[in-house]
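This report concerns only the one structure given below.
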Amino acid sequence: MRILFVEDEKKITDALKALCEVNGYDCDVVHDGEEGLIYALSDAYDIIVLDIMLPGMSGLEIVRKMRENKKNTAVLMLTAKSSVDDRVAGLKSGADDYLTKPFSAKELFARIEALCRRSFSEYQGQIIELNELSYDAKSNLLLINGKEQQLPLKEAKLLELFLKHPGQVFTREQILDKIWGLDSYVTENNIEIHVHNLRKKISNTSVSIKTVRGIGYVLKVS
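Heads up: the sequence shown begins at 1471 in our numbering, then just goes up one per residue.
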């Protein structure tokens, strides 16, 4: 899981970053609203944890601009304000959940994980299109220039992961976690086999899966 924290209180972000490292999550930290918007529009994150009160641009404005730009990344809004009106404003702007300061790290990460599970399940069943590719996540059906290919389940979910995040590098550990689960007995060789099969299926298109040496894989569009 990759998380973006947009929060101007450095003590909080230092603690959250340390917790992410302990739990095996990748994270980026931004302390300014305008820079936060740039990061938020990148499609590089599974979830964005966003403070309302930020220098340069408010969290409410960031999430509004994300939704205007069709960015559907899950957003958890942090706020020091506890009134109903403030919470409603966050949800109306496009946030998926909110958490009032002060909060416990345990609750924060529980909400983050719940939002990521919800986002993944809501995404399933949609048609994902990228250049010549059209993928139906409900039926595991891949169309390339109108020609249908039925994909095996794990291969289909791997393609879905890449199509959802073109340009994002996924480590082998992240792929194992998202597709099989870290507790499974699957090896990295299994990933290589599925990637090899997918490469063959999309070999005559402008979309390709590249190996990032020593790290993992990324979906590229030429």
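We treat Cβ as the ideally placed atom computed from N, Cα and C, and that holds for glycine.
All values derive from a computational prediction rather than experimental measurement.
query: V1691: buried (16+ other C-beta within 10 angstroms of its C-beta) or exposed?
result: By the Cβ neighbour-count rule, V1691 is exposed, with fewer than 16 other Cβ atoms within 10 Å of its own.
Helix, strand or coil: which one does DSSP assign to T1641?
Residue state, collapsed to three classes: strand.
ask   = Are there 16 or more other CB atoms within 10 angstroms of the CB of Q1638, so buried, or fewer, so exposed?
value = With a threshold of 16 other beta carbon atoms within 10 Å, Q1638 meets it and is buried.
Practice item. Please state if the CB of N1601 and the CB of S1702 are separated by a distance shorter than 8 Å. Key: This structure gives no information on residue 1702, because the portion of the chain shown stretches from 1471 to 1692.
query = What is the rounded straight-line gap between the Cα of R1642 and the Cα of V1492?
reply = Each residue's CA atom was taken as its position, placing R1642 and V1492 some 18 Å apart.
Exercise. Go ahead and label S1563 buried or exposed: buried means 16 or more other beta carbons lie within 10 angstroms of its beta carbon, across all protein chains shown.
Key: Label assigned to S1563: buried.
Exercise for review: Starting from D1606, trace the beta strand (DSSP E) both ways and give me its first and last residue.
Suggested key: Segment 1603 to 1606, the beta strand (DSSP E) holding D1606.
Open item on the list: Do G1529 and M1547 have their beta-carbon atoms positioned less than 8 Å apart in this structure?
Closed with: Yes, they are a contact pair.
task: Report the option in L1623, P1636, N1539 whose CA atom is closest to the CA atom of E1599.
output: Just measuring C-alpha positions, the residue of L1623, P1636, N1539 sitting nearest E1599 is P1636.
Next on the checklist: Which residues does DSSP list as the beta-bridge partners of D1566?
Outcome noted: Answer is none; D1566 lacks a bridge partner.
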